[in-house]
Amino acid sequence: MGLERAARVLSRVGVLVAVAPVAATAAGDPSAEMGPMLGSMHTHNVAGLAVILGLILFATILSLVYLRERVGWMRRERLLQDELTQLGGAHDRAEMLLHSERQVLVAWAGRGDPAVIGDAGFAQDLRSQDPHGHAGRHPDGGFQDPRQDARQNPRGGQGHNRRLLAFDTWLTAQDAQLLDAAVATLRERGTGFRMNLRSLAGRYIEAQGQAVSGRALLRLRETTEERRELIELRGKLDEAKRGLSALAGLLDALPQPVWHRGTDGTLTFVNFAYAAAVEAQGREAVLDQGLELLDRSAREQIARQASRPGFAAHPLRLSAVVAGARRTLDVTETALDTGRVGIAVDVSELESVRADLQRQMDANVRTLDQLPTAVAMFDARQRLIFHNAAYQRLWDLDPAFLESRPLDGEILDRLRAARKLPEQADFRSWKADILAAYHAVEATDTPWYLPDGRALRVVADPNPQGGLTYLYHDVSESMKLASRYDALMKEQAETLEALKEPVAVFAADGRLTVANRAFAVTWRLDPATLAGRPHVDAVIGACRALTPEQNPWAGIRQAVTGLNETRSGHACRLTMSDGTVLDCSAQPLPLGATLLTFIDVTASANVERALTEKNDALERASQLRDTFVHHVSYELRSPLTNIIGFTQLLGDETVGALNERQREYSEHIMRSSAALLVIINDILDLASIDAGSLELQRETIDVRATVEAAARGIEDRLAESDIGLDLDVPGDIGSVFADGKRVRQILFNLLSNAVGFSEPGQQIRVEARREGAELRLTVVDRGRGIAPEVIDRVFDRFESNTFGTKHRGVGLGLSIVRSFVELHGGRVEIDSAAGRGTCVTCLFPVEPPPGDGRLPAPGQPSDAPRGAPGETARIVAHPAAANLDAAE
286 MGLERAARVL SRVGVLVAVA PVAATAAGDP SAEMGPMLGS MHTHNVAGLA
336 VILGLILFAT ILSLVYLRER VGWMRRERLL QDELTQLGGA HDRAEMLLHS
386 ERQVLVAWAG RGDPAVIGDA GFAQDLRSQD PHGHAGRHPD GGFQDPRQDA
436 RQNPRGGQGH NRRLLAFDTW LTAQDAQLLD AAVATLRERG TGFRMNLRSL
486 AGRYIEAQGQ AVSGRALLRL RETTEERREL IELRGKLDEA KRGLSALAGL
536 LDALPQPVWH RGTDGTLTFV NFAYAAAVEA QGREAVLDQG LELLDRSARE
586 QIARQASRPG FAAHPLRLSA VVAGARRTLD VTETALDTGR VGIAVDVSEL
636 ESVRADLQRQ MDANVRTLDQ LPTAVAMFDA RQRLIFHNAA YQRLWDLDPA
686 FLESRPLDGE ILDRLRAARK LPEQADFRSW KADILAAYHA VEATDTPWYL
736 PDGRALRVVA DPNPQGGLTY LYHDVSESMK LASRYDALMK EQAETLEALK
786 EPVAVFAADG RLTVANRAFA VTWRLDPATL AGRPHVDAVI GACRALTPEQ
836 NPWAGIRQAV TGLNETRSGH ACRLTMSDGT VLDCSAQPLP LGATLLTFID
886 VTASANVERA LTEKNDALER ASQLRDTFVH HVSYELRSPL TNIIGFTQLL
936 GDETVGALNE RQREYSEHIM RSSAALLVII NDILDLASID AGSLELQRET
986 IDVRATVEAA ARGIEDRLAE SDIGLDLDVP GDIGSVFADG KRVRQILFNL
1036 LSNAVGFSEP GQQIRVEARR EGAELRLTVV DRGRGIAPEV IDRVFDRFES
1086 NTFGTKHRGV GLGLSIVRSF VELHGGRVEI DSAAGRGTCV TCLFPVEPPP
1136 GDGRLPAPGQ PSDAPRGAPG ETARIVAHPA AANLDAAE
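Here it is, written out as C-alpha cells:
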C-alpha cells in the first residue's frame, strides 16, 4: 500500500510540474509567472522535457505495479494449487471410505436420472447369488462373478443402475413395495427412513434414506455379517447358562451357607449347606417355606448396613442357631442388581482361641506396664497392637491416637512433625531404613539422639509371626554432653563449609581457628597451611599479594589483634587484581575471638557503575529529545504552514485563475499538507508527553458543546463516506473541568477511526454520560471490528491495521487518545470483535474547578445553551461542508 501511495504522489507531482509551465504560457505572461523556475529556457523545450519526464515516471510506476501484481498472482496460484491438492486428498479418502464395505449410494438431484456411487453390480449379485453367497452360474456350467462382468463391460453401467433401481427384481415383493414408497416420500417431502430388507437371494440389506443439501440420498448396505454376530451372541448366551449351572454346583459343594434374596427380600436360591443349617429336607423346602438362618434383628442389621450410601460390604459378627447349636458366624451380604447375595462363615472355634489369647495378653500388659523401658509392638501390617505406659510417657503422644492402632510410619511422621526424632538430612531414607527392620532376620540396635538432648538405645526385634517389637532405653545421662558437643561442632563446620562467602575465625591470640573452603579458594591459600593455625600476620601477608591496595589490611589486623577496652566492628572494601570487589567485615566474638567475612559485591558494583553511566546517557538523551522537539516544531511546521498558505492562495485564485485540473491539484496539495500537519502535530504531542513538557489547559467546558464541535470537524468525511452520525448527549450533562482542545482532539481521532473502518450507509454513535465521579464518552461504530489478536496492540504507537478497508494512517491516533485521557487522570476501554464493530469508551474524572470547587450539578442550568432538563439530544449529521478548524 505504501508503494501505491508513493506512486500516486509522484505521478501527481510530475504532472503538476509538467502542466504548470503550459498553464502559465496559456495565461499569456510566461516571463512573469514561470521566469524564476525556467530561466531562459524556451517554452517549447520545457514542455517537451516535462512530457518526457512524465512518460518515464509513468513507465517506472507501471513497472513497479506490474511486479507487485505479478507477485500477488503467483501467490494466489500457489494457494489454488495447495487447495486442489487438499481436495484431491479428500476425494481419495472419501473413495476409500465408500469402498471399505459392500454398499452403494443413489443420489437424486431434481427430476433427472440419479447418480449411483459404489458397486454397480450390487443388485445383480443379490439377485443371482444363492442364500449361501455363491455367484451365479455361467452359461458354460462354471461360476462367474457379476462384478467382474461389470468391470469387463464398462458400457453396461447404465444397465446395472436401472436394475438396481428396479427393486422388485432383487428384493422380495413386500420389501420392494415398502422401499419404493419410502423413496417416493423421500424425494417429494425429504422424509428420512431406515429399514431392513431381504433380497431374493436370502441376504439381508439395510436401507437408509435422508435429504442432504437439497438431494435425496439412498444408501444400501448388506447386513449378513450382523446376522452372523447375532448367532455368535446366542452361542455365548448358552455358554453363560452352562457356566451358571456350574457355579450353582460349586456353591452346593461349599460347606458354608450361601443364599440369594430377590429385590423384595425373599429367598430365591440357597445351597445344600444352607438347607442343612436350617435342618430342612432340601432346597425346594427352604424356598417354599421361607426358612431363615438368621433372626429378624440380624436381618434388619444387615439391611441397615446395605442401605448406607457408598458403604462397602464387610462381614458382620452375628450369632445364629446352625443345625440345632448356637454358633458365631461372620455374615457378608452384598447388593446386586437382582437383589442381594450372602454367605455365612462359622468362626466359633476362632472366637474361643481368641478369647484365651486375650487373657494371656492382658496378663502380659500388666507386667510390661510396670517396666521403665518403653515397649511398643507392631503386627505384620506395621500397625501398633500394644504399648506400655512408659512408651506413652516417652513420646508424650495422645492416648486416643495410640488407641486407633496407627501405622509405624504414621507415628514416625507425627514424632518428626513434633521435632521429637533425630534430625535427618534425608528423613525419607532414614525412615525407610527404620522400617526395613520388619524384614530383617536378627534384631537391630540403633542409637537415637533426640532434639531435646536425650539419647535412646533403640532395639528392634522381629517377631516370628511377623511384626516388630521396639525397646527404647534412655541413655541420655551418659551421652548428653558428648552428643551436644559433637552436634554443635558438626553443625558449625557444615554451616561454614556450605557458605559461598569466605569466612575465617581468629582466636584471641591472633591465630586462625576456623576457615571455610571459600576462604581458601578466594585467597588461593593451601588448606594444609590453614589447618596449621597460622597467625593473622601470615594470613594477611599471603592475601596482600592479591590486592593492589595495602591500606585496608592495617585496619583488619587492628580489629583482630587490637587490645582496645571496647571492641568494635570494622568494615572496608577490597579490590582484587582480577577485578573482584569484596566487602570485608570484622566482628568481635566472645572470648576475644574475631569473625572475618568477605562478601563478593562485584556484580552490584558493576551494576551501580552501569546504572550511573546509563543515567548520564538518559539525561543526555532527554536533553537531545527536548532540542529535537523545539527544532522540529519550527523546521517542519513553519515550511508546512507556508505550503498550506500558498496553496490556499492559489486555491482562492487571488493571483490568477486556475483551470479545473489545476484547482484539483491544489486541493490535493491542501489535503495532503493538512494530513501531514496533523501527523507532525501528533508526533510533537507524543514527544512533549514523553518529555513531560505538555501541560493541560484545564478549564470548565460544556460537554455537549465540545462533542458537537468535534462532530462538526468530521462532517466532510461523513458526507464523503455516506456515513451517519448519532449524538446521544443529554441536555443536562453539565460541564467538566478539563482541557477542551484535547478533549475535542480525542473525540476527533476516535470519530476519524470510526469513519475509516465503517461501510457506506452505516451509523456512528457518540454517547456522553455522567456516572458518579466520572464522565463517560463513548464512540460506537458498526464496522469490521478488531480481531482478538490485534486488539491488545491498537494503542501502540505506529500500529496501523487496515483490516481490508481503504483507511490509512501512521498509527498515532489511538495512542494520542490514550495519552491525553491518562493525562486527565482517566482511562480508555475498548470492546470489539471481528464483524460486530468497535466501542471505545473514555472515562474522565470529574474534578472541581478552581474557585468555589464545585461543578454545575447534573440538571442545573448553566450559561451554555442546552435542552430542557432530562431531555436527551439526538443529532443526526447529514453530509455538509466543514473543515478541520471546527475540531481544533
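Convert by adding 285 to the 1-based position in the sequence shown; the result is the number in this note's numbering. Just so it is clear, CB atoms sit at the ideal spot from N, CA and C, and this is done for glycine as well.
Taking the straight line between their C-alpha atoms, what separation do you get for K716 and I1076? 57 Å
Chain-order list of residues whose beta-carbon lies under 8 Å from that of I928 (same chain, five-residue window excluded): I954 and S958
Go ahead and label Q655 buried or exposed: buried means 16 or more other beta carbons lie within 10 angstroms of its beta carbon, across all protein chains shown. Per the 10 Å Cβ criterion, exposed.
Residues near G1122 in its chain [Cβ-Cβ closer than 6 Å; skip 5 each side]: D1066, R1067, G1068 and G1070
For the beta strand (DSSP E) holding G494, just list the boundary residues, first then last. Y489 to V497
For the putative contact between G477 and G499, defined by C-beta atoms under 8 Å, what is the C-beta separation to the nearest angstrom? Not quite, the Cβ-Cβ distance comes to about 14 Å (not below 8 Å), so this is no contact.
Separation of D377 from E507, as counted between CA atoms: 23 Å
Could you check the C-alpha separation between Q433 and R504 for me, to the nearest Å? Residue confidence for Q433 is low, a pLDDT of 44 falling below 50, so the modelled location carries little weight; the figure read from the coordinates is stated next. Spanning the two alpha carbons is a distance of roughly 22 Å.
Within its chain, find whatever has a CB closer than 7 Å to the CB of F452; leave out the 5 residues flanking it on each side and keep chain order. So the qualifying residues of the chain are A461, L464 and D465.
By DSSP, does H820 sit in helix, in strand, or in coil? strand
Can you list the beta strand (DSSP E) stretches of 3 or more residues lying completely in the region 789-856, in chain order? Fully enclosed beta strand (DSSP E) runs of 3 or longer: 797-800.
The beta strand (DSSP E) spanning I986 covers which residue range? E984 to D987
Selection from G1019, D811 and R1027 that minimises the alpha carbon distance to E1056: G1019
Sort out for me which residues DSSP pairs I628 with in a bridge. V543 and T617
When the Cα of E762 is compared with those of P747, V1021 and G738, which residue comes out closest? G738
Quick check on this structure: which residue in R479, H672, P1015 and L697 has the alpha carbon closest to the alpha carbon of A467? R479
In this structure, how does DSSP classify Q366 when only helix, strand and coil are distinguished? helix
Bounding residues of the alpha helix (DSSP H) (the contiguous stretch that carries V1028): G1025 to G1041
Residues near Q872 in its chain [Cβ-Cβ closer than 6 Å; skip 5 each side]: G854 and L880
Best match in E938, T932, A942 and G941 for proximity to S951 [C-alpha to C-alpha]: T932
Would you check if the region 542-556 and the region 616-631 touch, i.e. whether three or more CB-CB distances between them fall below 8 Å? yes
Between the alpha carbons of E727 and R589, how many angstroms are there, rounded? Going by C-alpha positions, E727 is about 49 Å away from R589.
So does G1041 have its beta carbon nearer than 7 Å to some heavy atom of the ligand PLP? The ligand PLP is not part of the structure shown, which contains no ligands of any sort.
Range covered by the alpha helix (DSSP H) that runs through M646: Bounds of the alpha helix (DSSP H) holding M646 are S633 to L653.
Which class does W393 belong to by DSSP, given the choice of helix, strand or coil? strand
Tell me whether the beta-carbon of L781 lies closer than 8 Å to the beta-carbon of V788. yes
What are the boundary residues of the alpha helix (DSSP H) that T470 is part of? A458 to R474
Leaving out five residues before and five after R842 in sequence, what residues of the same chain have Cβ atoms less than 8 Å from its Cβ? V821, D822 and I825
Straight-line gap, L859 to V866 (C-alpha atoms, nearest Å): 6 Å
In terms of residue numbering, what span does the alpha helix (DSSP H) encompassing A1114 cover? Just to set this straight, residue 1114 is Glu in the shown sequence, not Ala. Looking at the DSSP string, E1114 is not in any alpha helix (DSSP H); the run it does join, the beta strand (DSSP E), is R1112 to S1117.
Check whether the region 663-676 touches the region 645-655, counting contact only when three or more Cβ pairs, one atom from each stretch, lie closer than 8 Å. yes
Leaving out five residues before and five after W393 in sequence, what residues of the same chain have Cβ atoms less than 7 Å from its Cβ? P399, R472, R500 and A501
Can you tell which of R581, D580 and F557 has the C-alpha that lies nearest to the C-alpha of V571? F557
In this structure, how does DSSP classify R1067 when only helix, strand and coil are distinguished? R1067: coil per DSSP, three-state reduction.
Assuming R1053 and V992 form a contact by the criterion Cβ under 8 Å, report the distance between their Cβ atoms to the nearest whole angstrom. Per the sequence shown, residue 1053 should be read as Ala rather than Arg. About 6 Å separates the two Cβ atoms, so the contact holds.
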